[in-house]
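Peer 1: If you use this note's numbering, the sequence shown corresponds to residues 1122 to 1241, in order.
Backbone N, C-alpha and C define an ideal beta-carbon position, used for all residues, glycine too.
The structure presented is a predicted model; accordingly, all values stated were derived computationally and were not measured.
Okay, handing you the structure first.
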Amino acid sequence: MAVRAIRGATQVDADDRDEVLAATRELVSTVIERNALDTEQLISILFTATPDLVSEFPALAARELGLGDVPLMCASEIDVPHALPRVLRLMAHVETDVPRSEIAHVYLRGAVALRRDIAQ
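What follows is the structure, encoded as structure tokens:
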């Protein structure tokens, strides 16, 4: 069993608490689904948000999905002037036998523009 990191991101239309939570739930659920993960395989998830998103902690959405026993952390992205606005990112660390080359990184909504090379 190896430890792998899975990247993901999504973009919201506005800094609205319900929208941040819904988009984060969608992102976490999609990462789990596309990588055929059992929640027991999750080691930890680091969430980041661009500085224009302050209405809610993205980790709350993961707890609402039942991931309360998974270590979760939120941080703010650096404020780069030309960065895509209103973006939520995650890096999930998981235990899996899947080779690194077969990990499904997930980019949703406008965040597809961040990594067109690996967006699903």
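Quick check on the DSSP output: the alpha helix (DSSP H) that includes Val1215 runs from which residue to which?
Peer 2: On the sequence shown, position 94 is the one that residue 1215 refers to. It is not in any alpha helix (DSSP H) - Val1215 instead sits in the beta strand (DSSP E) that spans Val1208 to Thr1217.
Peer 1: Is DSSP giving Val1247 helix, strand or coil here?
Peer 2: Examination of residue 1247 is not possible in this model, given that the chain is present from 1122 through 1241 alone.
Peer 1: Buried or exposed for Arg1107, please, with buried defined as at least 16 other CB atoms from any protein chain shown within 10 angstroms of its CB.
Peer 2: This structure cannot speak to residue 1107, because the chain is shown only from 1122 to 1241.
Peer 1: Check each candidate in Val1233, Val1133 and Leu1186 and name the one with the smallest Cα separation from Ser1176.
Peer 2: Numbered from its first residue, the sequence shown carries residue 1176 at position 55. Answer by Cα proximity: Val1133.
Peer 1: So Ala1144 is in the alpha helix (DSSP H); what residue range does that whole segment cover?
Peer 2: By one-based count along the sequence shown, residue 1144 stands at place 23. Looking at the DSSP string, the run of the alpha helix (DSSP H) that includes Ala1144 is Arg1138 to Arg1155.
Peer 1: Is Arg1207 buried or exposed, if buried means 16 or more other CB atoms sit within 10 Å of its CB?
Peer 2: If you number the sequence shown from 1, residue 1207 lands on position 86. Sixteen is the threshold: when 16 or more other Cβ atoms of the shown chains lie within 10 Å of the Cβ of Arg1207, as they do, the residue is buried.
Peer 1: Assuming Arg1125 and Ile1224 make a contact with CB atoms under 8 Å, what is their CB distance in whole Å?
Peer 2: Against the sequence shown, residue 1125 aligns to sequence position 4. Against the sequence shown, residue 1224 aligns to sequence position 103. Right, their Cβ atoms sit about 6 Å apart.
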